[in-house]
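Numbering that gives the first Met the number 0 puts the first residue of the sequence shown at 0, with every later residue one more than the last.
Don't be surprised by glycine CBs; every beta carbon is placed ideally from N, CA and C.
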Amino acid sequence: MWMNLALAVALTSGPAQADQLTISNIRAIYGILGAPRPDNKILPGDKYIIAFEVDGVKINEDGKVSYTLAMDVSDKNGKLIYSQAPKDQEAYLSLGGSKLPASMFIVAKPDEKAGIYSIKVTVADKTSKASQTFTREVEVLPREFGIVHLFTTADPGADYPSPPSGVTGQYLHLNFGVVGFERKNTGDKQPDVSVEMRILDENGKQTVKKPFTGVVNDRVPANIVGLTMQFNLALNRPGKFTIELKATDNVANKTAKKVTLPLTVVEQKTGNSE
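The structure is reproduced here in C-alpha coordinates:
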(Lines of atoms letter the chains of each structure in order from A and count residues from 1; the text may use other names and numbers.)
(Lines give C-alpha, C1' and ligand atoms only; values in the text may rest on other atoms or scores of the structure.)
Protein backbone atom coordinates (compact mmCIF):
# COMPACT_ATOMS: atom_id res chain seq x y z
CA MET A 1 0.00 0.00 0.00
CA TRP A 2 2.59 2.55 1.07
CA MET A 3 5.81 3.22 -0.77
CA ASN A 4 9.11 3.89 1.03
CA LEU A 5 9.45 5.20 4.55
CA ALA A 6 6.98 7.58 6.03
CA LEU A 7 6.16 10.31 8.43
CA ALA A 8 4.95 11.07 11.89
CA VAL A 9 4.33 14.01 14.12
CA ALA A 10 2.92 13.43 17.59
CA LEU A 11 5.99 12.69 19.67
CA THR A 12 5.44 10.56 22.75
CA SER A 13 8.33 11.17 25.09
CA GLY A 14 9.34 12.66 28.40
CA PRO A 15 12.22 14.98 29.33
CA ALA A 16 15.57 14.21 27.74
CA GLN A 17 17.90 11.90 29.68
CA ALA A 18 21.49 10.84 29.10
CA ASP A 19 21.71 8.58 26.02
CA GLN A 20 18.12 9.40 25.12
CA LEU A 21 16.92 10.75 21.82
CA THR A 22 14.61 13.72 21.50
CA ILE A 23 12.78 14.89 18.40
CA SER A 24 11.92 18.50 17.63
CA ASN A 25 11.00 20.96 14.88
CA ILE A 26 8.55 18.52 13.33
CA ARG A 27 6.84 19.95 10.26
CA ALA A 28 5.08 18.75 7.13
CA ILE A 29 6.67 20.14 3.98
CA TYR A 30 6.26 20.30 0.22
CA GLY A 31 9.26 18.30 -0.96
CA ILE A 32 12.60 17.72 0.75
CA LEU A 33 13.76 21.11 2.14
CA GLY A 34 10.43 22.52 0.99
CA ALA A 35 7.88 25.04 2.22
CA PRO A 36 5.48 24.20 5.09
CA ARG A 37 2.42 22.14 4.21
CA PRO A 38 -0.80 23.36 5.90
CA ASP A 39 -2.48 20.06 6.83
CA ASN A 40 -2.30 16.27 6.89
CA LYS A 41 -4.76 15.63 4.05
CA ILE A 42 -3.51 14.08 0.82
CA LEU A 43 -5.09 13.09 -2.46
CA PRO A 44 -4.62 9.65 -3.97
CA GLY A 45 -1.42 9.92 -5.98
CA ASP A 46 0.15 12.49 -3.65
CA LYS A 47 3.29 12.38 -1.51
CA TYR A 48 3.32 13.59 2.10
CA ILE A 49 6.69 14.53 3.56
CA ILE A 50 7.54 15.47 7.10
CA ALA A 51 10.87 16.78 8.35
CA PHE A 52 12.17 16.68 11.89
CA GLU A 53 15.39 16.83 13.90
CA VAL A 54 16.74 14.04 16.10
CA ASP A 55 18.90 15.27 18.97
CA GLY A 56 21.16 13.17 21.16
CA VAL A 57 22.64 10.90 18.49
CA LYS A 58 26.17 9.63 19.08
CA ILE A 59 28.75 10.92 16.62
CA ASN A 60 32.11 9.22 15.92
CA GLU A 61 35.44 10.94 15.24
CA ASP A 62 34.67 11.22 11.54
CA GLY A 63 31.35 12.93 12.19
CA LYS A 64 29.32 9.88 11.23
CA VAL A 65 26.15 8.72 12.99
CA SER A 66 24.47 5.34 12.53
CA TYR A 67 20.78 4.83 13.20
CA THR A 68 17.72 2.91 12.07
CA LEU A 69 14.23 3.87 10.97
CA ALA A 70 11.18 1.62 11.25
CA MET A 71 7.52 2.17 10.43
CA ASP A 72 4.08 0.65 11.03
CA VAL A 73 0.92 1.77 9.25
CA SER A 74 -2.55 0.94 10.63
CA ASP A 75 -6.05 1.68 9.38
CA LYS A 76 -8.71 3.48 11.42
CA ASN A 77 -9.65 0.20 13.13
CA GLY A 78 -6.11 -0.38 14.33
CA LYS A 79 -5.40 -3.15 11.83
CA LEU A 80 -1.76 -3.27 10.80
CA ILE A 81 -1.58 -2.98 7.03
CA TYR A 82 2.12 -2.35 6.51
CA SER A 83 5.29 -2.83 8.54
CA GLN A 84 8.81 -1.71 7.68
CA ALA A 85 11.52 -3.44 9.73
CA PRO A 86 14.30 -1.22 11.13
CA LYS A 87 16.33 0.04 8.19
CA ASP A 88 20.00 0.99 8.63
CA GLN A 89 20.87 4.61 7.91
CA GLU A 90 24.10 6.63 8.04
CA ALA A 91 24.68 10.37 7.99
CA TYR A 92 27.51 12.83 8.58
CA LEU A 93 27.22 15.77 10.96
CA SER A 94 29.91 17.90 9.31
CA LEU A 95 29.31 20.83 11.67
CA GLY A 96 29.52 18.70 14.78
CA GLY A 97 26.95 18.59 17.56
CA SER A 98 24.43 15.81 18.06
CA LYS A 99 21.44 17.01 16.03
CA LEU A 100 20.45 15.04 12.94
CA PRO A 101 18.07 16.55 10.35
CA ALA A 102 15.80 13.90 8.85
CA SER A 103 12.72 13.55 6.69
CA MET A 104 10.34 10.75 5.79
CA PHE A 105 7.38 10.35 3.48
CA ILE A 106 4.42 8.30 2.36
CA VAL A 107 2.95 7.99 -1.12
CA ALA A 108 -0.73 7.20 -1.63
CA LYS A 109 -1.45 5.14 -4.74
CA PRO A 110 -3.75 6.71 -7.37
CA ASP A 111 -6.45 4.19 -6.38
CA GLU A 112 -5.80 4.44 -2.62
CA LYS A 113 -8.85 3.91 -0.45
CA ALA A 114 -10.04 7.07 1.29
CA GLY A 115 -9.77 7.12 5.04
CA ILE A 116 -7.63 7.91 8.06
CA TYR A 117 -4.41 6.01 8.63
CA SER A 118 -2.13 5.95 11.65
CA ILE A 119 1.61 5.90 11.06
CA LYS A 120 4.13 5.03 13.76
CA VAL A 121 7.83 5.64 13.21
CA THR A 122 10.69 4.50 15.41
CA VAL A 123 14.15 6.07 15.33
CA ALA A 124 17.00 4.22 17.08
CA ASP A 125 20.65 5.20 17.61
CA LYS A 126 22.74 2.12 16.80
CA THR A 127 25.60 3.30 19.02
CA SER A 128 23.77 4.25 22.22
CA LYS A 129 20.81 1.90 21.60
CA ALA A 130 18.47 4.79 22.55
CA SER A 131 15.21 4.98 20.59
CA GLN A 132 12.21 7.21 20.12
CA THR A 133 8.76 6.69 18.64
CA PHE A 134 6.26 9.17 17.21
CA THR A 135 2.93 8.83 15.40
CA ARG A 136 0.63 10.74 13.10
CA GLU A 137 -2.80 10.35 11.58
CA VAL A 138 -2.98 11.05 7.87
CA GLU A 139 -6.20 11.35 5.90
CA VAL A 140 -6.37 10.12 2.33
CA LEU A 141 -9.14 12.05 0.60
CA PRO A 142 -11.52 10.68 -2.03
CA ARG A 143 -10.24 10.88 -5.58
CA GLU A 144 -10.62 14.35 -7.07
CA PHE A 145 -8.88 16.79 -9.39
CA GLY A 146 -5.95 18.42 -7.64
CA ILE A 147 -2.31 19.48 -7.50
CA VAL A 148 0.13 16.98 -5.94
CA HIS A 149 3.86 16.31 -5.49
CA LEU A 150 4.81 19.97 -5.17
CA PHE A 151 8.54 20.52 -4.63
CA THR A 152 11.37 22.88 -5.60
CA THR A 153 14.75 21.92 -7.03
CA ALA A 154 17.98 23.59 -8.04
CA ASP A 155 18.03 21.82 -11.40
CA PRO A 156 15.51 21.33 -14.23
CA GLY A 157 15.95 17.57 -14.01
CA ALA A 158 14.40 17.69 -10.49
CA ASP A 159 17.24 15.67 -8.98
CA TYR A 160 18.58 18.18 -6.45
CA PRO A 161 16.11 19.42 -3.80
CA SER A 162 16.15 23.08 -2.89
CA PRO A 163 14.24 25.19 -0.38
CA PRO A 164 11.87 27.81 -1.86
CA SER A 165 14.57 30.44 -1.51
CA GLY A 166 17.75 31.58 -3.18
CA VAL A 167 20.03 34.44 -4.12
CA THR A 168 19.77 36.94 -6.94
CA GLY A 169 20.97 35.51 -10.22
CA GLN A 170 19.87 32.00 -9.33
CA TYR A 171 17.26 29.84 -11.09
CA LEU A 172 14.72 27.78 -9.17
CA HIS A 173 12.49 25.05 -10.57
CA LEU A 174 8.97 24.44 -9.27
CA ASN A 175 7.85 20.86 -9.89
CA PHE A 176 4.36 19.44 -9.38
CA GLY A 177 1.80 17.01 -10.71
CA VAL A 178 -1.92 16.97 -11.40
CA VAL A 179 -4.21 13.99 -10.70
CA GLY A 180 -7.91 13.22 -10.92
CA PHE A 181 -8.41 14.76 -14.37
CA GLU A 182 -10.96 13.57 -16.90
CA ARG A 183 -10.41 12.66 -20.54
CA LYS A 184 -12.35 13.62 -23.64
CA ASN A 185 -14.98 11.17 -24.84
CA THR A 186 -14.02 11.64 -28.47
CA GLY A 187 -10.95 11.13 -30.63
CA ASP A 188 -7.88 9.86 -28.80
CA LYS A 189 -9.44 10.63 -25.40
CA GLN A 190 -6.81 13.12 -24.34
CA PRO A 191 -6.96 15.21 -21.13
CA ASP A 192 -7.08 18.99 -21.34
CA VAL A 193 -5.42 20.51 -18.28
CA SER A 194 -4.20 24.09 -18.06
CA VAL A 195 -2.06 25.51 -15.25
CA GLU A 196 -1.16 29.01 -14.11
CA MET A 197 1.54 30.36 -11.84
CA ARG A 198 1.35 33.83 -10.38
CA ILE A 199 4.06 35.43 -8.26
CA LEU A 200 3.02 38.15 -5.82
CA ASP A 201 5.30 40.60 -4.02
CA GLU A 202 5.07 41.56 -0.34
CA ASN A 203 2.19 43.92 -1.13
CA GLY A 204 0.19 41.27 -2.97
CA LYS A 205 0.93 42.77 -6.39
CA GLN A 206 1.73 40.52 -9.33
CA THR A 207 5.36 40.74 -10.35
CA VAL A 208 4.40 40.55 -14.04
CA LYS A 209 1.09 41.45 -15.70
CA LYS A 210 0.26 38.00 -17.08
CA PRO A 211 0.53 34.70 -15.20
CA PHE A 212 2.92 32.03 -16.38
CA THR A 213 0.87 29.32 -18.11
CA GLY A 214 1.08 25.80 -19.45
CA VAL A 215 -1.26 23.20 -20.94
CA VAL A 216 -1.29 19.42 -21.41
CA ASN A 217 -3.78 18.21 -24.03
CA ASP A 218 -2.06 15.76 -26.34
CA ARG A 219 0.24 12.72 -26.51
CA VAL A 220 -0.74 11.48 -23.03
CA PRO A 221 -0.85 7.63 -22.99
CA ALA A 222 -4.13 6.08 -21.90
CA ASN A 223 -2.59 4.50 -18.79
CA ILE A 224 -1.24 7.78 -17.38
CA VAL A 225 -3.20 9.02 -14.34
CA GLY A 226 -0.87 11.81 -13.24
CA LEU A 227 0.60 14.67 -15.24
CA THR A 228 4.06 16.00 -14.34
CA MET A 229 4.72 19.72 -14.85
CA GLN A 230 7.37 22.34 -14.09
CA PHE A 231 7.75 26.11 -13.98
CA ASN A 232 11.15 27.81 -13.95
CA LEU A 233 11.79 30.92 -11.88
CA ALA A 234 14.54 33.47 -12.47
CA LEU A 235 15.42 35.07 -9.13
CA ASN A 236 16.38 38.49 -10.44
CA ARG A 237 15.70 40.67 -7.39
CA PRO A 238 15.61 40.31 -3.61
CA GLY A 239 12.40 40.23 -1.60
CA LYS A 240 9.70 38.06 -0.09
CA PHE A 241 7.18 36.68 -2.57
CA THR A 242 4.24 34.27 -2.74
CA ILE A 243 3.84 31.70 -5.49
CA GLU A 244 0.26 30.76 -6.41
CA LEU A 245 -0.48 27.64 -8.45
CA LYS A 246 -3.80 27.05 -10.16
CA ALA A 247 -4.90 24.09 -12.30
CA THR A 248 -8.05 23.70 -14.41
CA ASP A 249 -9.54 20.55 -15.91
CA ASN A 250 -11.10 21.90 -19.09
CA VAL A 251 -12.84 18.60 -19.85
CA ALA A 252 -14.66 18.39 -16.52
CA ASN A 253 -14.80 22.18 -16.11
CA LYS A 254 -13.20 21.93 -12.66
CA THR A 255 -10.59 24.05 -10.93
CA ALA A 256 -8.28 22.47 -8.36
CA LYS A 257 -7.74 23.94 -4.92
CA LYS A 258 -5.15 26.69 -5.24
CA VAL A 259 -1.75 25.97 -3.72
CA THR A 260 0.53 28.69 -2.38
CA LEU A 261 4.06 28.68 -1.07
CA PRO A 262 6.50 31.40 0.02
CA LEU A 263 9.60 32.44 -1.89
CA THR A 264 12.48 34.37 -0.35
CA VAL A 265 15.30 35.88 -2.41
CA VAL A 266 18.34 37.59 -0.90
CA GLU A 267 20.91 39.76 -2.63
CA GLN A 268 24.53 38.76 -2.71
CA LYS A 269 26.75 41.50 -1.34
CA THR A 270 30.47 41.96 -0.92
CA GLY A 271 32.04 41.90 2.53
CA ASN A 272 33.27 45.47 2.00
CA SER A 273 31.05 47.90 3.91
CA GLU A 274 32.35 50.91 1.98
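DSSP on residue i, reduced to helix/strand/coil?
{"i": "I25", "result": "strand"}
{"i": "A113", "result": "coil"}
{"i": "G96", "result": "coil"}
{"i": "Q131", "result": "strand"}
{"i": "F180", "result": "coil"}
{"i": "A255", "result": "coil"}
Throw me the rounded Cβ distance for the residue i and residue j pair, which I believe falls under 8 Å.
{"i": "I31", "j": "S102", "result": "6 Å"}
{"i": "V194", "j": "K245", "result": "7 Å"}
{"i": "F144", "j": "F180", "result": "6 Å"}
{"i": "D87", "j": "G114", "result": "Going by Cβ atoms, the distance from D87 to G114 rounds to 32 Å, so no, they are not a contact pair."}
{"i": "T151", "j": "R236", "result": "No, T151 and R236 are not in contact; Cβ-Cβ is about 18 Å, not under 8 Å."}
Do residue i and residue j have their C-beta atoms closer together than 7 Å?
{"i": "Y66", "j": "K125", "result": "yes"}
{"i": "V122", "j": "M70", "result": "no"}
{"i": "T259", "j": "E243", "result": "yes"}
{"i": "V178", "j": "V192", "result": "no"}
{"i": "D154", "j": "K98", "result": "no"}
{"i": "V139", "j": "I41", "result": "yes"}
Can you tell me the Cα-Cα spacing of residue i and residue j, whole angstroms?
{"i": "Q267", "j": "I25", "result": "30 Å"}
{"i": "T269", "j": "P163", "result": "23 Å"}
{"i": "N252", "j": "N222", "result": "22 Å"}
{"i": "D158", "j": "Y29", "result": "15 Å"}
{"i": "N76", "j": "E111", "result": "17 Å"}
{"i": "L262", "j": "A50", "result": "19 Å"}
{"i": "D45", "j": "Y116", "result": "15 Å"}
{"i": "T185", "j": "I118", "result": "43 Å"}
Would you check whether the ligand NAD has a heavy atom nearer than 6 Å to the C-beta of residue i?
{"i": "A129", "result": "Inclusion of the ligand NAD in the displayed structure is not the case, the ligand content being empty and no account of it being possible."}
Practice task
Kindly confirm or deny that the stretch 153 to 170 and the stretch 31 to 40 touch, where touching means at least three C-beta pairs closer than 8 Å.
Solution key: Here the stretch 153 to 170 lies against the stretch 31 to 40, with 3 or more beta-carbon pairs under 8 Å apart.
Practice task
Tell me, please, whether the stretch 168 to 178 touches the stretch 228 to 237 by the rule of three or more beta-carbon pairs shorter than 8 Å.
Solution key: By the C-beta criterion, the stretch 168 to 178 is judged to be in contact with the stretch 228 to 237, since at least 3 inter-stretch pairs fall below 8 Å.
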